[in-house]
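Novice: Be aware that the sequence shown starts at 132, since it is given in the numbering used here, and climbs by one per residue. Every residue gets a Cβ at the ideal spot worked out from N, C-alpha and C, and that includes glycine. Since we're looking at a predicted model, the values are computed, not measured. Below: one structure in structure tokens.
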Amino acid sequence: MVHNVKAWRERLAGRVKFDLPPAEAAVRRAYKANSLAEPSEILWANGPSDAAQAIAFVQNPPRRLNRMALAILIFGATASVGLALALDDSAVAARPPATAVLWSTVLAGFGLALGGLPKLPLPPGVPSGSHPAKLILVGAVIFVALAGWVLGLLHLGGLPAEPVGRGVALAVAALVGTLPGVFLRVRMRSAYAHLPQALRKLTPSTTVAVRLQRVQENAWASFQRTTVDLRVDDTLIHAYRAAHGQPFIPRHAFLLDSGRTIQVAQDTSWTGSIWIGGGVWRNPGIGVTPHLDGIESAAQAAVVGETSAPGMAATFAELAFHVDRLYPFAAIAVAVRPATTIALDPEGRPHAENGPALAWADGTRLYAWHGQLVSPEVIDPDRPVTLSRIHAEADPAQRRVLIQRYGLGRYCVEAGASEIQHDDCGRLYRLRQGLGEPLMAVRVVNHTPEPDGSLREFWLRVPPTATTARQAVAWTFDLSAEEYNLVAQS
132 MVHNVKAWRE RLAGRVKFDL PPAEAAVRRA YKANSLAEPS EILWANGPSD AAQAIAFVQN
192 PPRRLNRMAL AILIFGATAS VGLALALDDS AVAARPPATA VLWSTVLAGF GLALGGLPKL
252 PLPPGVPSGS HPAKLILVGA VIFVALAGWV LGLLHLGGLP AEPVGRGVAL AVAALVGTLP
312 GVFLRVRMRS AYAHLPQALR KLTPSTTVAV RLQRVQENAW ASFQRTTVDL RVDDTLIHAY
372 RAAHGQPFIP RHAFLLDSGR TIQVAQDTSW TGSIWIGGGV WRNPGIGVTP HLDGIESAAQ
432 AAVVGETSAP GMAATFAELA FHVDRLYPFA AIAVAVRPAT TIALDPEGRP HAENGPALAW
492 ADGTRLYAWH GQLVSPEVID PDRPVTLSRI HAEADPAQRR VLIQRYGLGR YCVEAGASEI
552 QHDDCGRLYR LRQGLGEPLM AVRVVNHTPE PDGSLREFWL RVPPTATTAR QAVAWTFDLS
612 AEEYNLVAQS
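Below is the structure:
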């Protein structure tokens, strides 16, 4: 089915119900478009966070972890035998009890960490079979066994002298050394208890996104100059990129009062800060896992739909309509369901006054005010906006939204803005804001009477470089003062 501009408007507004069968069919057709075998499994993610979880599973599936457990088992057995021989031939053995306890504890902790630290990713939608209490008990038993063995070697003076006893001791050392690998295997068995057999046998897979991107570009190349009446606002694109890039970025940045500061991926031209789930996310231009986009391809996909293009062009347009993002791997595909909530203002920018502007079923939330992504506290209707709260806000973008909620004119009057110039276009005001740039606003009067005969006043925020009210008003029309004079006279 080819989707036209009208259908895409409904999709961008979040009014299209997700339909799984045609979405899966679109994903499989996209693979066939480049002569790729259909994916053995399609992991459906309910949002960006679920997608990151699914990709972590695809990149480290159970089979790879099985090999890791085997490697740890062999390494542990070899290291344990080597340690026993080293202690037997050195003067480290037969140390005082305190020293023996310390060393045995440290070495046992290191050994247990080998089997306890590797993460066990799970695909979204699969319940975890882990039983923390049982795993803690198993881990404690293994720790005691490791510590007891090392303590015995240190305190008793090494291995027995007779050949039979020495052989038995080394066999026990090898057996004890395998315990960290056994512990990792027990953890895997518990975590993947409910995993479907097909996913248990999954092997690491390489991405094929670049190949599919190339096919899509070639298929859509002939439609590049065709335009349709469907504009996707840049702020909506930025919001989607931030939400989808957020889970993949290493969380190593500093903390702020209102949450955690974390890097946002993609789009090096955008350097703003946004708020996601209570944390500031800044954009350093870091790339993310290769993928095919849905919302970001909306305008081009709508062109294909309007022209009823056949073949691969329609295949990728259909994929964009049904899927927020597709992370295609050679053996498996990770597809993201569309957002469950999309709230836009009349200009198509993310905007909601009392809740998230964008939300996914996995819990990802973005809050926005006319395209500016903000913390949920900024638009919380239960938290009144006051002068003191505005002045206490350190982030200029967040402060700007608070001022809009408070009312620009009301804020200028109550905060003590001073009039610096007036002419027949209006009155220009300046308000100093600490160490930051001053707030400039022009006060104008609509000379068209209201129904009751009154004249309505408007306050417009303008750049701090404005020197006259005429220049400020002209700026709101994207004109110079001289150009605005000519327009007004005509």
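How is G298 classed by DSSP in three states: helix, strand or coil?
Specialist: Reduced to three states, the DSSP call for G298 is helix.
Novice: So who's on the other strand from E172, going by DSSP bridges?
Specialist: According to DSSP, which records beta bridges pairwise, E172 is partnered with I463.
Novice: Could you name the residues of the same chain whose beta carbon sits closer than 8 Å to that of T337, not counting the 5 residues immediately before and after it, in chain order?
Specialist: Counting only Cβ-Cβ distances below 8 Å, and skipping sequence neighbours, we find F460 and A461.
Novice: Using CA atoms only, rank isn't needed, just tell me which of P421, T230, R530 and V257 is closest to I521.
Specialist: Nearest C-alpha to I521: R530.
Novice: When you compare the stretch 488-500 with the stretch 174-183, are there three or more beta-carbon pairs, one atom per stretch, that lie closer than 8 Å?
Specialist: Short answer: they touch.
Novice: Under the rule that 16 or more other beta-carbon atoms within 10 Å means buried, what is A264, buried or exposed?
Specialist: So A264 counts as exposed.
Novice: I'd like the list of long-range same chain contacts for A300, defined as Cβ closer than 8 Å, with 5 residues on each side in sequence excluded.
Specialist: Correct list, in chain order: A215, L290 and P291.
Novice: Throw me the rounded Cβ distance for the V465 and V505 pair, which I believe falls under 8 Å.
Specialist: Contact flag wrong, Cβ pair sits at about 30 Å.
Novice: Quick one, which of A154, A374 and D526 has its alpha-carbon nearest G565's?
Specialist: Cα-wise, what sits closest to G565 is D526.
Novice: In three-state terms, what does DSSP make of G557?
Specialist: Of the three classes helix, strand and coil, the one that applies to G557 here is strand, per DSSP.
Novice: Going along the chain, which unbroken runs of the beta strand (DSSP E) with 3 or more residues stay wholly within the stretch 481-557?
Specialist: Here the runs fully enclosed are 496-500, 503-505 and 549-554.
Novice: Anyone know if the C-beta pair for V575 and Y560 falls short of 9 Å?
Specialist: No, these two residues do not count as a Cβ contact at 9 Å.
Novice: Within 10 angstroms of the Cβ of A451, are there 16 or more other Cβ atoms? Answer buried if so, exposed if not.
Specialist: It is buried - the Cβ of A451 has at least 16 other Cβ atoms within 10 Å.
Novice: Restricting to runs no shorter than 3 residues, where is the beta strand (DSSP E) found entirely within the stretch 204-264?
Specialist: Correct list: empty.
Novice: Note down the Cα distance separating L201 from G312, rounded to an integer number of angstroms.
Specialist: Cα to Cα, the separation comes out at about 6 Å.
Novice: Less than 9 Å between the beta carbons of A329 and E169, yes or no?
Specialist: Contact: no.
Novice: What are the boundary residues of the beta strand (DSSP E) that E588 is part of?
Specialist: Looking at the DSSP string, the run of the beta strand (DSSP E) that includes E588 is R587 to V593.
Novice: Q431: buried (16+ other C-beta within 10 angstroms of its C-beta) or exposed?
Specialist: That one is buried.
Novice: State whether the stretch 349-357 contacts the stretch 270-286, with contact taken as three or more CB pairs (one from each stretch) at a distance under 8 Å.
Specialist: Contact fails: fewer than three Cβ-Cβ distances are below 8 Å.
Novice: Report the option in L591, L343 and A528 whose CA atom is closest to the CA atom of S166.
Specialist: Of the candidates L591, L343 and A528, the one whose C-alpha sits nearest the C-alpha of S166 is L343.
Novice: Taking the C-alpha atoms as reference points, what is the distance between A304 and G260?
Specialist: Using only the alpha carbons, I get a separation of about 32 Å.
Novice: If you drop the 5 nearest sequence neighbours on each side, which residues of the same chain put their C-beta closer than 8 Å to that of D150?
Specialist: If we look at D150 and ignore the five residues flanking it on each side, its Cβ neighbours are H453.
Novice: Any idea if K148 is buried or exposed, counting beta-carbon neighbours within 10 angstroms, 16 or more meaning buried?
Specialist: It counts as exposed.
Novice: Less than 9 Å between the C-beta atoms of P294 and A185, yes or no?
Specialist: No, Cβ-Cβ distance for P294 and A185 is not below 9 Å.
Novice: Just confirm the distance between the C-beta atoms of G479 and D364, as a whole number of angstroms; I'd bet it's less than 8 Å.
Specialist: Contact flag correct, Cβ pair sits at about 4 Å.
Novice: Between the C-alpha atoms of V435 and A445, what's the straight-line distance to the nearest angstrom?
Specialist: Rounded to whole angstroms, V435 to A445 spans 6 Å at the Cα level.
Novice: Identify whether A350 lies in helix, strand or coil by the three-state DSSP scheme.
Specialist: Correct three-state label for A350: helix.
Novice: For L387 and R320, I'd like the C-alpha separation in whole angstroms.
Specialist: Because L387 carries a pLDDT of 27, less than 50, the predicted location of this residue cannot be relied on, and the following value inherits that uncertainty. Distance between the alpha carbons of L387 and R320 is about 40 Å.
Novice: Can you check which of these residues, G247, Y371, G296 and G567, is closest to E524 by C-alpha distance?
Specialist: When only C-alpha atoms are compared, the closest one is G567.
Novice: If I measure Cβ to Cβ from A546 and keep anything under 7 Å in the same chain, skipping five residues before and after, which residues do I get?
Specialist: Correct list, in chain order: L518 and L562.
Novice: Helix or strand or just coil, what does DSSP make of L326?
Specialist: Here L326 sits in coil by DSSP.
Novice: Measuring alpha carbon to alpha carbon, tell me which residue in V317, V281 and P569 is nearest S235.
Specialist: Measuring from the Cα of S235, the nearest candidate turns out to be V281.
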